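Participant:
There are 2 protein chains.
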Amino acid sequence: MRRCLMSESEAAQASARVMTRCDQLAAISETPEALTRVYLSPEHLRANRQVAAWMEAAGMRVWQDSVGNICGRYEGLQPDAPALLLGSHLDTVRNAGRYDGMLGVLTAIETVQWLHQHQQRLPLAIEIVGFGDEEGTRFGITLLGSRGLTGSWPDHWLAQTDGNSITVAEAMADAGLNAAQIADAERPLASIKAYLELHIEQGPVLEQQALALGVVTAINGARRLNCQFIGHAGHAGTVPMTHRQDALAAAAEWMVAIEQHTPRYGRDLVATVGTLQCLPGAVNVIPGEVRLTLDVRGPEEASLAALVAELLEQADAIAQRRGLQFAAEEYYRIAATPCDAQLQAAISDAVTQVQGRTISLPSGAGHDAIAIAERWPVGMLFVRCAGGISHHPAEAVAASDVAQAIQAYLQVVCDVAAQGQETR
Amino acid sequence: MRRCLMSESEAAQASARVMTRCDQLAAISETPEALTRVYLSPEHLRANRQVAAWMEAAGMRVWQDSVGNICGRYEGLQPDAPALLLGSHLDTVRNAGRYDGMLGVLTAIETVQWLHQHQQRLPLAIEIVGFGDEEGTRFGITLLGSRGLTGSWPDHWLAQTDGNSITVAEAMADAGLNAAQIADAERPLASIKAYLELHIEQGPVLEQQALALGVVTAINGARRLNCQFIGHAGHAGTVPMTHRQDALAAAAEWMVAIEQHTPRYGRDLVATVGTLQCLPGAVNVIPGEVRLTLDVRGPEEASLAALVAELLEQADAIAQRRGLQFAAEEYYRIAATPCDAQLQAAISDAVTQVQGRTISLPSGAGHDAIAIAERWPVGMLFVRCAGGISHHPAEAVAASDVAQAIQAYLQVVCDVAAQGQETR
Chain A
21 MRRCLMSESE
31 AAQASARVMT
41 RCDQLAAISE
51 TPEALTRVYL
61 SPEHLRANRQ
71 VAAWMEAAGM
81 RVWQDSVGNI
91 CGRYEGLQPD
101 APALLLGSHL
111 DTVRNAGRYD
121 GMLGVLTAIE
131 TVQWLHQHQQ
141 RLPLAIEIVG
151 FGDEEGTRFG
161 ITLLGSRGLT
171 GSWPDHWLAQ
181 TDGNSITVAE
191 AMADAGLNAA
201 QIADAERPLA
211 SIKAYLELHI
221 EQGPVLEQQA
231 LALGVVTAIN
241 GARRLNCQFI
251 GHAGHAGTVP
261 MTHRQDALAA
271 AAEWMVAIEQ
281 HTPRYGRDLV
291 ATVGTLQCLP
301 GAVNVIPGEV
311 RLTLDVRGPE
321 EASLAALVAE
331 LLEQADAIAQ
341 RRGLQFAAEE
351 YYRIAATPCD
361 AQLQAAISDA
371 VTQVQGRTIS
381 LPSGAGHDAI
391 AIAERWPVGM
401 LFVRCAGGIS
411 HHPAEAVAAS
421 DVAQAIQAYL
431 QVVCDVAAQG
441 QETR
Chain B
21 MRRCLMSESE
31 AAQASARVMT
41 RCDQLAAISE
51 TPEALTRVYL
61 SPEHLRANRQ
71 VAAWMEAAGM
81 RVWQDSVGNI
91 CGRYEGLQPD
101 APALLLGSHL
111 DTVRNAGRYD
121 GMLGVLTAIE
131 TVQWLHQHQQ
141 RLPLAIEIVG
151 FGDEEGTRFG
161 ITLLGSRGLT
171 GSWPDHWLAQ
181 TDGNSITVAE
191 AMADAGLNAA
201 QIADAERPLA
211 SIKAYLELHI
221 EQGPVLEQQA
231 LALGVVTAIN
241 GARRLNCQFI
251 GHAGHAGTVP
261 MTHRQDALAA
271 AAEWMVAIEQ
281 HTPRYGRDLV
291 ATVGTLQCLP
301 GAVNVIPGEV
311 RLTLDVRGPE
321 EASLAALVAE
331 LLEQADAIAQ
341 RRGLQFAAEE
351 YYRIAATPCD
361 AQLQAAISDA
371 VTQVQGRTIS
381 LPSGAGHDAI
391 AIAERWPVGM
401 LFVRCAGGIS
411 HHPAEAVAAS
421 DVAQAIQAYL
431 QVVCDVAAQG
441 QETR
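Protein sequence lines correspond, in order, to chains A and B.
Using this note's numbering, read the first sequence as starting at 21 and increasing by one per residue.
Using this note's numbering, read the second sequence as starting at 21 and increasing by one per residue.
#1: Please return the same chain residues whose Cβ sits closer than 8 Å to the Cβ of A/Gln334, not counting the five positions on each side in sequence.
#2: Is the shortest distance between the beta-carbon of A/Cys298 and the beta-carbons of chain B less than 7 Å?
#3: My understanding is that A/Val38 touches A/Leu126, with C-beta atoms under 8 Å, so please give their C-beta distance in whole angstroms.
#4: Roughly how far, in whole angstroms, is the beta-carbon of A/His412 from the beta-carbon of A/Gly117, given that I think they are within contact range, below 8 Å?
#5: Chain D beta carbons: is any one of them nearer than 7 Å to that of B/Ile306?
#6: Output needed in chain order: residues of the segment 237-252 of chain A with a Cβ under 8 Å from some Cβ in chain B.
#7: Less than 7 Å between CB atoms is the rule here; does B/Thr235 satisfy it with respect to chain A?
#8: Within 7 Å of any Cβ in chain A, is that where the Cβ of B/Glu273 sits?
#9: Less than 7 Å separating the beta-carbons of A/Val225 and A/Ala256?
#10: Just by C-beta distance, which residues in the segment 40-62 of chain B are closer than 7 Å to chain A?
#11: Whose Cβ in chain A lies nearer than 8 Å to the Cβ of B/Asp315?
#12: Indicate whether B/Leu344 and B/Ala270 have their beta-carbon atoms separated by less than 7 Å.
#13: Tell me, to the nearest whole angstrom, how far the beta carbon of A/Gly308 is from that of A/His219; I am working on the premise that it is less than 8 Å.
#14: In angstroms with no decimal places, state the Cα-to-Cα distance between A/Gln248 and A/Asp336.
#15: Compare the C-alpha of A/Ala385 against each of A/Ala428, A/Asp360, A/Val316, A/Ile379 and name the closest.
#16: Nearest chain B C-beta to A/Met261 closer than 7 Å, yes or no?
#17: Using a Cβ-Cβ cut-off of 7 Å, state whether B/Met21 counts as contacting chain A.
#18: At 3 residues or longer, what runs of the beta strand (DSSP E) sit wholly inside the segment 191-257 of chain B?
#19: To the nearest angstrom, how far is it from the Cα of A/Met400 to the Cα of A/Glu147?
#20: Specify the secondary structure class of A/Leu454 as computed by DSSP and reduced to three states.
#21: Distance cutoff 7 Å, beta carbons only. Does B/Pro224 sit that close to anything in chain A?
#22: Between which two residues does the beta strand (DSSP E) harbouring A/Ile382 extend?
#23: Comparing the C-beta of B/Ala339 with each C-beta of chain A, is any distance below 7 Å?
#24: Are there 16 or more other CB atoms within 10 angstroms of the CB of B/Ala36, so buried, or fewer, so exposed?
#25: I need the boundaries of the alpha helix (DSSP H) containing A/Asp388, first residue and last residue.
#26: Spatial neighbours of A/Gln375 within its chain, please: CB distance less than 7 Å, with the 5 preceding and 5 following residues excluded, ordered by chain position.
#27: Determine which residues share a DSSP beta bridge with A/Trp83 and list them.
#28: Going by Cα to Cα distance, which pick from B/Ala322, B/Gln201, B/Leu268, B/Thr313 is closest to A/Leu296?
#29: Would you say A/Gly165 and A/Gly152 are within 7 Å of each other, going by their C-beta atoms?
#30: Any idea which residues DSSP pairs B/Ile186 with across the strands?
#31: Within 7 Å (strictly less), CB to CB, does B/Pro283 reach chain A?
#32: Quick one: which residues of the segment 364-391 of chain A get their C-beta closer than 8 Å to a C-beta of chain B? List them in chain order.
#33: Do you know offhand how far B/Gln201's Cα is from B/Ser86's?
#34: Output the distance between the C-alpha atoms of A/Gln222 and A/Ala31, rounded to the nearest integer angstrom.
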């Protein structure tokens, strides 16, 4: 079980290579001054070719699948053994950071590279996928790469268009892919035992705990709602305070309530009002209408649903007491994705070994693991990022954290591959 | 003192005439479907000619002054007697109601018409002014008409432009006026004893008290501030509630405080957040910055200043506790304009006589009386308007209220003209 011990100097070298490769991938961008690399673009294909070369150098057999994911396989002790799948995504948001997604692919390659150099074969094959689209930047639909592997592309996706009215089907053809072959990307259930993903945290928890690594308990479920308070607009000078039906004042009271009630449902739940429009919107007019969005997330469906229900009750009560109307419509929902308990335990063991103690936390952001979890057990390892910043050029990780991450990742891969052969 | 008793049937006829004339003036509009009549427009000059004809029919000598106000004089017992000035404005906002301003001019004409028909002359002359610009719709500067009479046009006004880049000076020339003669509109201090203005309330107080008429105590002073909370934007899914510097949450807490604290400074003070911008403004991003406006008004300078100071202290305290920054800049200030005590008493007497009891209230909106008060004592009589609505096509007054208003107005004119001769 402890045969996969990467030395400090090996880890430092691997980390340095990953940092350099993140920089190299960041140079493959639609615009030179800001990193943007979207699905099926020329930059996507260039990044795939670059990653393929690195996979090959790590001893892997490489192919691009029918939806544009770049895939590599490192055989196990037996040919055609089921695989432990490692991965993350190679696409970016606009004006992105260089670690979100890419770090997970490049560290996975380092684990295989180490096995290859040490001529180790595991009971399971190791496969790595660099997913072509997780962010949804180009077409407004997300997880296209991972849903290729699970065979769960909805029919309407092919007709979805980008900002230039190019459909997914057309973009596939432009990239040398064939929309009629999408189903070929689907992987047989038995061919994969489990999925592991390393990702930057995109939040401040690890930094505040002064820890490089953390174990993900679940990917938070989310609800998004469009909400509206309707009162009466009026002259800001002539309507006494006691006679107002001020939609913004009602919204303010609700926002204070949201902040107060959310922590009572658990420290892992978050609720955010991210947009607010105030109508008619003049300095001397009492707001007659406010439109605002509510984004609520949590690692567990029951508490998430209970929180949303309470917040809507609060809004109704505030509106009723003030003689206003309140309406809310949920327009987006994603269920919470729990990480597999055995995989969490394996990651915890490795994290404890590497950094002395472990920490478990939910993921507030979405990941390819959400799609993969529909078919296979998933586990995730988080790496500290500076200031919790992501989706921004200031996104940063420390090379020393990446070294620890690779050590832990290799350990988890070896442990899970051994377990996977025994129990799954 | 009681020689100016207008009978019920006279008042009903006068009211019907005023209502018809309001409709006729409303037809003089830039656009047929929505009443818009701005300073120095062809419609302004047409309205002046129409009002001039009505003034002449009421026995007045009529002229248009050098800034475009339409003026009429009904001589007193002695030629060249000082005048009691009555007036309001003939310009409108865009898509306006038909009573704001016009009702004050047309009811004033009815008081003179009654004196003329009853062949009564008063110790003071009665003058009426239909001011050319109170709203500031065209050039974004207000009270141009009344500031013509007080001789207080700032030099830079002539270069002010409208939406078509036409300056005030050019617009004056287009309207047959001469910018070099603006000073001719200024009235000698001794030529006017006092100013009275009748206006719709533009608020809901009289309606809620079930009263047609009210006495204005003061025109509220106002402060307008641009305010800003600066926190840190962040991922709505990954930053725990306890680690946020949410600018919108801070603003919400402040808005609740504004609503709670304002009434403690007096029932006549009002504070309004009328605009709010939330940045970056995405459903899944914690707001890093909020820009909002604060409009505070009150009839008395000391309490107004104290309220603004407390609200800013509250904002600072909220920002500090949350680790945010708060900034505020006052960009508009108008001092409170108290109405003359003797004029208030005279209006109160007449209102009591007409409707059985009196009520005093501040004006939340601005009026020509603000400018006139810089040189002469001012008094104002408010008339109930439906739902407190103004600056909107739905603006409405009841003909029966207008009848009472004309009865009271005539009474006040006669009383003040008698007093004015005695005491001023």
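Ideal Cβ placement from N, Cα and C applies to all residues, glycine included.
Keep in mind that this is a model prediction, so the values were computed, not measured.
Facilitator: A quick look at the data gives this:
#1: Translated into the one-based positions of the first sequence, residue 334 of chain A becomes position 314. Result list for A/Gln334: Trp274, Ala277, Ile278, His281, in chain order.
#2: In the first sequence, residue 298 of chain A corresponds to position 278, counting from 1. Closer than 7 Å to some Cβ of chain B, the Cβ of A/Cys298 qualifies, so yes.
#3: As a working note, residue 38 of chain A is residue 18 in the first sequence. As a working note, residue 126 of chain A is residue 106 in the first sequence. The pair is a contact, with the Cβ atoms about 5 Å apart (cut-off 8 Å).
#4: To locate residue 412 of chain A, count along the first sequence from 1; it is residue 392. To locate residue 117 of chain A, count along the first sequence from 1; it is residue 97. Between A/His412 and A/Gly117 the beta-carbon gap is near 6 Å, inside 8 Å, which marks them as a contact.
#5: Included in the structure are the protein chains A and B, with no chain D among them.
#6: For the segment 237-252 of chain A, which is checked against every Cβ of chain B, the residues closer than 8 Å are Asn240, Ala242, Arg244.
#7: Translated into positions along the second sequence, residue 235 of chain B becomes position 215. Residue 235 of chain B is actually Val in this sequence, not Thr. Using a CB distance cut-off of 7 Å, B/Val235 does not count as an interface residue toward chain A.
#8: Stepping through the second sequence from its first residue, residue 273 of chain B is reached at position 253. It does: the Cβ of B/Glu273 has a partner Cβ on chain A nearer than 7 Å.
#9: For this step, residue 225 of chain A is matched to residue 205 along the first sequence. For this step, residue 256 of chain A is matched to residue 236 along the first sequence. No, Cβ-Cβ distance for A/Val225 and A/Ala256 is not below 7 Å.
#10: Listed by position along the chain: nothing, the set is empty.
#11: As a working mapping, residue 315 of chain B is identified with position 295 in the second sequence. Going along chain A in sequence order, the residues near B/Asp315 (Cβ under 8 Å) are Ala256, Gly257, Val303, Asn304.
#12: For this step, residue 344 of chain B is matched to residue 324 along the second sequence. For this step, residue 270 of chain B is matched to residue 250 along the second sequence. When the beta-carbon positions are compared, B/Leu344 and B/Ala270 come within less than 7 Å of each other.
#13: Position 288 of the first sequence holds residue 308 of chain A. Position 199 of the first sequence holds residue 219 of chain A. Incorrect: roughly 44 Å between the Cβ atoms, too far for contact.
#14: Reading the first sequence from its first residue, position 228 is the one you call residue 248 of chain A. Reading the first sequence from its first residue, position 316 is the one you call residue 336 of chain A. Note on geometry: alpha-carbon atoms of A/Gln248 and A/Asp336 lie some 11 Å from one another.
#15: The residue you call residue 385 of chain A lines up with position 365 of the first sequence. Taking only the C-alpha atoms, the option nearest A/Ala385 is A/Val316.
#16: By 1-based counting over the first sequence, the position of residue 261 of chain A is 241. The C-beta of A/Met261 comes closer than 7 Å to at least one C-beta of chain B.
#17: As a first step, residue 21 of chain B must be located in the second sequence, where it is residue number 1. Residue confidence is low: B/Met21 scores 46 on pLDDT, short of 50, so the model does not pin down where it sits. Its coordinate-derived value is still stated next. With 7 Å as the cut-off, B/Met21 does not count as an interface residue toward chain A.
#18: Listed in chain order, the beta strand (DSSP E) runs fully inside the segment 191-257 of chain B are 212-220, 233-239, 241-250, counting runs of at least 3 residues.
#19: For the purposes of this step, residue 400 of chain A is taken as residue 380 along the first sequence, with counting starting at 1. For the purposes of this step, residue 147 of chain A is taken as residue 127 along the first sequence, with counting starting at 1. Looking at the two C-alpha atoms, the distance is approximately 16 Å.
#20: This structure cannot speak to residue 454 of chain A, because chain A is shown only from 21 to 444.
#21: If you number the second sequence from 1, residue 224 of chain B lands on position 204. Chain A, which has a Cβ nearer than 7 Å to the Cβ of B/Pro224, makes this yes.
#22: Mapped onto the first sequence, residue 382 of chain A falls at position 362. Residue identity differs from the one stated: residue 382 of chain A is Pro in this sequence, not Ile. Taken as a continuous stretch (DSSP letters only), the beta strand (DSSP E) holding A/Pro382 covers 380-383.
#23: Here residue 339 of chain B is taken as the residue at index 319 of the second sequence, counted from 1. It does not; no Cβ of chain A falls within 7 Å.
#24: Residue mapping note: residue 36 of chain B aligns to position 16 of the second sequence, counting from 1. Counting the other CB atoms within 10 Å of its CB gives B/Ala36 a total below 16, which places it among the exposed residues.
#25: Residue 388 of chain A sits at position 368 when you count from the first residue of the first sequence. 388-392 is the span of the alpha helix (DSSP H), which, as asked, contains A/Asp388.
#26: Stepping through the first sequence from its first residue, residue 375 of chain A is reached at position 355. Only Leu231, Ala232, Leu233, Gln424 meet the Cβ criterion.
#27: Locating residue 83 of chain A in the first sequence gives position 63, counting from the first residue. Answer by DSSP bridge pairing, in chain order: A/Cys91.
#28: Taking the first residue of the first sequence as position 1, residue 296 of chain A is located at position 276. Selection B/Ala322, B/Gln201, B/Leu268, B/Thr313 evaluated against A/Leu296 yields B/Leu268 as nearest (Cα-Cα).
#29: Here the question's residue 165 of chain A lines up with position 145 in the first sequence. Here the question's residue 152 of chain A lines up with position 132 in the first sequence. Yes, Cβ-Cβ distance for A/Gly165 and A/Gly152 is below 7 Å.
#30: Within the second sequence, the letter at position 166 stands for residue 186 of chain B. Per DSSP, none; premise fails for B/Ile186.
#31: Along the second sequence, read from residue 1 onward, the residue named residue 283 of chain B stands at position 263. With 7 Å as the cut-off, B/Pro283 counts as an interface residue toward chain A.
#32: Hits within the stretch, in order: Ser383, Gly384, Ala385, Gly386.
#33: Here residue 201 of chain B is taken as the residue at index 181 of the second sequence, counted from 1. Here residue 86 of chain B is taken as the residue at index 66 of the second sequence, counted from 1. Those two C-alpha atoms are separated by around 6 Å.
#34: For the purposes of this step, residue 222 of chain A is identified with residue 202 of the first sequence, where counting begins at 1. For the purposes of this step, residue 31 of chain A is identified with residue 11 of the first sequence, where counting begins at 1. The C-alpha of A/Ala31 is placed about 23 Å away from the C-alpha of A/Gln222.
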